[in-house]
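In our numbering, the protein residues as written are 1161 to 1207.
Printed below as a string of structure tokens:
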């Protein structure tokens, strides 16, 4: 899969999730940034 295809697939997944959760793309980005941050912090704490 090319980088372009990967990005298009991710954008489509985000659109579907936004519609399902009734949130804006901006809210989706914030939500996942917070989730990634929390996961990363817990991984660093465990190592």
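All C-beta atoms in this analysis are idealised placements derived from N, C-alpha and C, irrespective of residue type, glycine included.
Values in this document were obtained by computation on a predicted structure and should not be read as measured data.
query	result
Residue 1213 to residue 1190 span [Cα, whole Å]	The chain is shown from 1161 up to 1207; residue 1213 falls before or after that span and cannot be answered.
Rounded straight-line distance, which links the Cα of residue 1187 to that of residue 1200	20 angstroms
Residues near residue 1174 by beta carbon distance below 7 angstroms, same chain, minus five either side	1185 and 1188
Whole-angstrom distance between residue 1176 and residue 1167, CA atom to CA atom	14 angstroms
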